[in-house]
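Novice: One structure is given below, represented as structure tokens, and several questions about it will come after.
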Amino acid sequence: MATDQATERHSFQTEVTQLLHLMIHSLYSNKEIFLRELISNGSDACDRLRFSALTEEKLMEDGDELSLHVSADNETKTVTIRDNGIGMTRDEVIENIGTIARSGTRQFLDSLSGDQSSDAQLIGQFGVGFYSVFLVADKVELVTRRAGETPDQGVRWTSDGSGEYTIEKIDRADRGTEITLHLRKDDEEFAEDFRLRSIISKYSDHISLPIRMPHTDDKKKDELETVNKGSALWARAKSEISEEEYNQFYSTISYDTESPLVTLHNRVEGNLEYISLLFIPSKAPFDLWDREQRHGINLYVRRIFILDDAKYLMPSYLRFVKGVVDAADLPLNVSREYLQDNKDIERIRNASVKKILAELRRLADKEPENYASFWKEYGRVLKEGLIEDHDNKKALADLLRFSSTQNDSDTQDVSLADYVKRMPMKQKGIYFITGDSHSAASSSPHLEIFRKNEIEVLLLSDPVDEWLVNSLNEYDEKPLKSVAKGALDLDDFADDEKKKASQEREKDLAGLVEKIENLLGEKVKSVRVSHRLTDSPACLVADEHDLGGNLERILQSMGQEAPEAKPIMEINPDHPLIRQLTPEHDKLEDWSMVLFDQAALSEGAKLSQPAAYVQRVNDLLTRASLLAG
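Each step along the sequence shown adds one to the number in this note's numbering, with nothing skipped, and position 195 is 383.
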């Protein structure tokens, strides 16, 4: 079909060898995107023809349906992508293909105005997507003819990506462009039909134009079949979509056989236009606690798949959310694989987060059983939001759930709002205790005075709770107070008479307290009379601004050095054991050490010298037994 015109050899118009190498080996991390890029370019070409034909009907020529054809030849190890779009002239091929980073689509977009511009769903705006072909091909042949030109105005362009290309005029009856890739030895997998179909399904399923391939049925091998759905579910009106369709789509993107707990379909118009279709799975994924796991948001631009694992579209504490975000216009870098750090992304992210939190609040208020299911699956990871997301702290605080001494169940079903409603008039703060387990927290001696006075205490046993309470200092103007830190304010519990009696006991035990403090030495910051114990003889308390014992142990288990903080030991003046001790007691040192170690054990700490503790206990028991005898 070639004419008698000589084949011309040209160099690419730039520092080509280096630039092609950069694009092929650096810009793209995934070889299979070459097909996405070529399909996107073909789709652009068809859209350009459709727009141009509005004013020049003759450009449609025979009026064939606009479409894309993809085929593979396993014998020759080639892949061919063909469109019947607008095509290119010789000069346009040199300008758009022979000049790297020169985009015909970008130029065409710039020429549109008004509604045409907003309606043009064109995506090849950067002029380098075509060169992704050299990821998999060592030779590429492009034949094309501009719509409206005569058949003898066809063009053939070939290159091996080394820095030069050839171009020649040919006869070509069909308008549009056909690209044939001669695959590299290592990339011959792409000559398989099923491989191409899977790539189309992944990246180009929602392109509105039909993408056709040879039929898989041997009886219909000469026929073509459409392999893309051609319809983006999220682009349809919510009123047109059934719950079954939503669930089916969710299953497709998540591989989850269960229906989602929450479905959120949102369309935003204005200066920033985008559609989001988000799901919260009914069950947490197995890798929920892997903070480096892949996120579940897929990013599209005008229904063209751009990127999965779009972690910048959803904060880490919402990493369980699945779905798609389809933006009308976003600035992409030249590879289309990464988004620039820009305000539009931030606005989409912020709006999506607020939408999700609002839906969770609705669920908590209107469907408490469903919210309880959500919290059971995702409560611990949602708590991370209090640490990370200061802008939504109030909304997140309203969603928190904890167990408490109200029912001593390990079920986390008490909200901060519920707690505040139940607070006695005199109570000034929200009391809590942390522990490495629910049983450790609920059995702590620090709760004794609270239980006696029927003062509710939140039982926090998730590791993240230690950081949560440091981030959430108050709720509804009520400060959060640890019952295991600082001195206890008796105003919440005692009348004036009880306060006076307590002060008298402190005076009576001043000598004993001083002696025990001296005997314990560097083990403690101080020793004092307790106002929180009713049954236990002693407990350990962290100073108001020191790390609590539980947080210290968590940090140590993570291999981190915790700041050295000595505990305060409190003794119960009403306990029979304490009443029998005096500064002159001959075994006071042993008793002091045993009381300290028992207090440490009661809060889940490990003893530094367990053998010494056992020996002291045995000695004291033997002595008590002999005295009793």
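Backbone N, C-alpha and C fix where the C-beta goes; we use that ideal spot for every residue, glycine too.
Everything numeric in this text was worked out from a predicted model, so none of it was measured.
Could you tell me the alpha carbon to alpha carbon distance between A585 and N661, rounded to whole angstroms?
Specialist: Taking the straight line from one Cα to the other gives about 11 Å.
Novice: Enumerated in chain order, which unbroken segments of the beta strand (DSSP E) with a length of 3 residues or greater are wholly contained in the stretch 419-459?
Specialist: Within the stretch 419-459, the complete beta strand (DSSP E) runs of at least 3 residues are 450-456.
Novice: Is S464 helix, strand or coil when you go by DSSP?
Specialist: It is a strand residue.
Novice: Give the secondary structure of M401 by DSSP, where H, G and I count as helix, E and B as strand, and everything else as coil.
Specialist: DSSP places M401 in strand when its eight states are reduced to three.
Novice: Mapping DSSP to helix, strand and coil, what is S386?
Specialist: In this structure, S386 counts as helix in the three-state DSSP scheme.
Novice: Give every residue of the same chain whose Cβ lies closer than 6 Å to the Cβ of Q304, excluding the five residues on either side of it in the sequence, and list them in chain order.
Specialist: Annotation note: pLDDT 47 at Q304 (below 50); position unreliable, coordinate value reported separately. Within the same chain, Q304 has no close Cβ partners at all.
Novice: So, are the CB atoms of G623 and S649 less than 8 Å apart?
Specialist: Closer than 8 Å, so yes.
Novice: Out of curiosity, what's the CA-to-CA distance linking E752 and E461?
Specialist: Cα to Cα, the separation comes out at about 53 Å.
Novice: If you drop the 5 nearest sequence neighbours on each side, which residues of the same chain put their C-beta closer than 7 Å to that of L656?
Specialist: These residues qualify, in order along the chain: K571, L574, I575.
Novice: In the DSSP assignment, find the unbroken beta strand (DSSP E) run with A325 in it and report its ends.
Specialist: Element bounds for A325: 325-333.
Novice: Using CA atoms only, rank isn't needed, just tell me which of R383, Q341, V715, L814 is closest to A260.
Specialist: Comparing Cα-Cα distances from A260 to each of R383, Q341, V715, L814, the minimum goes to R383.
Novice: Compute the distance between the beta-carbons of A325 and E249, then report whether it is under 8 Å.
Specialist: Against a cut-off of 8 Å, the Cβ pair of E249 and A325 comes out as no contact.
Novice: Tell me the start and end of each unbroken beta strand (DSSP E) in the stretch 541-597 that is at least 3 residues and wholly inside, in chain order.
Specialist: Segments of the beta strand (DSSP E) lying fully in the stretch 541-597: there are none.
Novice: Rounded to a whole number of angstroms, what is the C-alpha to C-alpha distance between E692 and E565?
Specialist: Each residue's Cα considered, the two are about 51 Å apart.
Novice: Quick one, which of S464, F493, A726, V509 has its alpha-carbon nearest K471's?
Specialist: Considering only alpha carbons, the answer is V509.
Novice: Express the C-alpha separation of A241 and T346 in angstroms, rounding to a whole number.
Specialist: Using only the alpha carbons, I get a separation of about 29 Å.
Novice: Quick one: what does DSSP say C727 is sitting in, helix, strand or coil?
Specialist: Strand at C727.
Novice: Going straight from the alpha carbon of R360 to that of F467, what length do you get?
Specialist: Using only the alpha carbons, I get a separation of about 49 Å.
Novice: Which stretch, first to last residue, makes up the beta strand (DSSP E) that contains I355?
Specialist: Its beta strand (DSSP E) spans residues 352-358.
Novice: Please state if the CB of I399 and the CB of T414 are separated by a distance shorter than 8 Å.
Specialist: Yes; because the gap between Cβ atoms is below 8 Å, this pair is in contact.
Novice: Look at the alpha carbon of R804 and the alpha carbon of V782, and state the distance between them as a whole number of angstroms.
Specialist: Roughly 7 Å separates the two Cα atoms.
Novice: Mapping DSSP to helix, strand and coil, what is S255?
Specialist: Here S255 sits in coil by DSSP.
Novice: May I ask you to check if the CB of I468 is nearer than 7 Å to at least one heavy atom of the ligand ATP?
Specialist: Among the components modelled here there is no ligand, and therefore nothing to report on the ligand ATP.
Novice: Let me know the secondary structure DSSP gives V608 once reduced to three states.
Specialist: V608: helix per DSSP, three-state reduction.
Novice: Who are the Cβ neighbours of L548 in its own chain at under 6 Å, not counting the five residues just before and after it?
Specialist: Once the five neighbours on either side are set aside, the close Cβ partners of L548 are L587.
Novice: Would you tell me roughly how many angstroms separate the C-alpha atoms of R344 and S386, rounded to the nearest one?
Specialist: So the two alpha carbons sit approximately 30 Å from each other.
Novice: Can you give the Cα-Cα distance for R589 and D723, rounded to whole angstroms?
Specialist: Looking at the two C-alpha atoms, the distance is approximately 29 Å.
Novice: Assign K666 to one of three DSSP states: helix, strand, or coil.
Specialist: Strand, per DSSP.
Novice: Could you check the C-alpha separation between K609 and D496 for me, to the nearest Å?
Specialist: Their backbone Cα atoms lie some 44 Å apart in a straight line.
Novice: Given that a residue counts as buried once 16 or more other Cβ atoms are within 10 Å of its Cβ, and exposed if not, what is W818?
Specialist: This structure cannot speak to residue 818, because the chain is shown only from 189 to 817.
Novice: If you draw a straight line from the C-alpha of L707 to the C-alpha of S780, how long is it?
Specialist: Straight-line Cα distance between these residues: approximately 7 Å.
Novice: Rounded to the nearest angstrom, what separates A560 and D601 at their Cα positions?
Specialist: About 7 Å.
Novice: Let me know the secondary structure DSSP gives F314 once reduced to three states.
Specialist: Unreliable placement is indicated for F314, whose pLDDT of 37 sits below 50; the coordinate value is still reported in the next sentence. Coil.
Novice: CA-CA distance, I494 and N486?
Specialist: For I494 and N486, the distance between alpha carbons rounds to 8 Å.
Novice: Is it true that the CB of V729 sits closer than 8 Å to the CB of N758?
Specialist: A quick correction: the sequence has Glu, not Asn, at residue 758. Closer than 8 Å, so yes.
Novice: What residue from A629, H403, N806 has the CA that sits closest to S790's CA?
Specialist: Checking every option, the nearest Cα to that of S790 belongs to A629.
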